[in-house]
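Step one of this worksheet: look at the structure below.
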Amino acid sequence: MKPLGAWTRDLVARVELFAKWAETAHPPTIFWMSAFTFPTGFLTAVLQTSARANAVSVDSLSWEFVVSTVDDNHITSPPRDGVWVKGLFLEGAGWDKKNSCLVEANPMQLTCAIPTIHFKPSEAKKKSGKGIYSCPCYYFPNRAGSSGRSSFIVAVDLKAGSSSSDHWVKRGTALLMSLDH
Numbered sequence: 001m002k003p004l005g006a007w008t009r010d011l012v013a014r015v016e017l018f019a020k021w022a023e024t025a026h027p028p029t030i031f032w033m034s035a036f037t038f039p040t041g042f043l044t045a046v047l048q049t050s051a052r053a054n055a056v057s058v059d060s061l062s063w064e065f066v067v068s069t070v071d072d073n074h075i076t077s078p079p080r081d082g083v084w085v086k087g088l089f090l091e092g093a094g095w096d097k098k099n100s101c102l103v104e105a106n107p108m109q110l111t112c113a114i115p116t117i118h119f120k121p122s123e124a125k126k127k128s129g130k131g132i133y134s135c136p137c138y139y140f141p142n143r144a145g146s147s148g149r150s151s152f153i154v155a156v157d158l159k160a161g162s163s164s165s166d167h168w169v170k171r172g173t174a175l176l177m178s179l180d181h
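Note that UniProt numbering numbers the sequence shown so that position 96 is 96, with each residue one more than the last.
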């Protein structure tokens, strides 16, 4: 559970995001997915929009993930299909921006911000291949959730780097949408 000050700052940022969105009537170029109280609903809506645009069944779609290699300032328009998502944190690993892959975290580093990710709906259901870690994304650092609800959101395929995906499983590597501070 967040301290009151951190919770209040988070609430103010959420209100500002949705107020700006309501004023412009245009969705943001990059979504702060953590601002949504029900992010799985947001992701389902993105899949439904893509399914309608491409005249395919929503059940035939899955996610493809591309981690951005450029600064957010250079992302000036929404992707043709899917959404840009920012504000996720990597726990149990670090991120190599140059090679776009997982690396060992720096000493004393519990979490690190991961660059913006393109959540792209894809019709071809590809299996996670060699060198790919299917990284679970959780809403809260407490992965069990509360009130019997899991805080699991989606599994994001990330390049495993020089280590195997089993290595990252043993490290407990996960993406977090919210931190405790």
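Beta carbons: idealized from backbone N, C-alpha and C, even for Gly. Treat the numbers as computed from the prediction; the structure is a model and nothing was measured.
Where residue i and residue j are concerned, what is the direct C-alpha to C-alpha distance, given to the nearest angstrom?
i           : j           : result
residue 134 : residue 158 : 6 angstroms
residue 94  : residue 8   : 28 angstroms
residue 99  : residue 164 : 16 angstroms
residue 3   : residue 142 : 15 angstroms
residue 155 : residue 29  : 23 angstroms
residue 69  : residue 75  : 10 angstroms
residue 144 : residue 111 : 18 angstroms
residue 6   : residue 59  : 38 angstroms
residue 82  : residue 47  : 8 angstroms
residue 88  : residue 35  : 11 angstroms
residue 37  : residue 20  : 17 angstroms
residue 181 : residue 25  : 32 angstroms
residue 175 : residue 17  : 22 angstroms
residue 44  : residue 106 : 35 angstroms
Specify the secondary structure class of residue i as computed by DSSP and reduced to three states.
i           : result
residue 159 : strand
residue 151 : coil
residue 110 : coil
residue 140 : coil
residue 43  : helix
residue 71  : coil
residue 35  : helix
residue 134 : strand
residue 53  : helix
residue 96  : strand
Give the range of the alpha helix (DSSP H) segment to which residue i is assigned.
i           : result
residue 165 : 165-171
residue 17  : 4-24
Specify, as a first and last residue, the run of the beta strand (DSSP E) that residue i falls within.
i           : result
residue 119 : 117-122
residue 90  : 89-91
residue 129 : Careful: residue 129 lies outside any beta strand (DSSP E) and carries neither H nor E.
Thinking just about the alpha-carbon of each residue, which of the options is nearest to the one in residue i?
i           : options              : result
residue 117 : 35, 36, 67 and 150   : 67
residue 114 : 178, 47 and 14       : 178
residue 166 : 70, 76, 18 and 132   : 132
residue 65  : 36, 170, 21 and 136  : 136
residue 108 : 97, 92 and 96        : 92
residue 124 : 96, 26, 51 and 80    : 51
residue 170 : 41, 129, 153 and 104 : 104
What distance in whole Å lies between the Cβ atoms of residue j and residue i, which are believed to be in contact at a cut-off of 8 angstroms?
i           : j           : result
residue 102 : residue 172 : Rounded, the Cβ-Cβ distance is 13 angstroms, inconsistent with contact.
residue 138 : residue 122 : About 23 angstroms separates the two Cβ atoms, so there is no contact after all.
residue 140 : residue 63  : Contact flag wrong, Cβ pair sits at about 21 angstroms.
residue 39  : residue 33  : 5 angstroms
residue 96  : residue 86  : With a Cβ gap of about 18 angstroms, residue 96 and residue 86 do not count as contacting.
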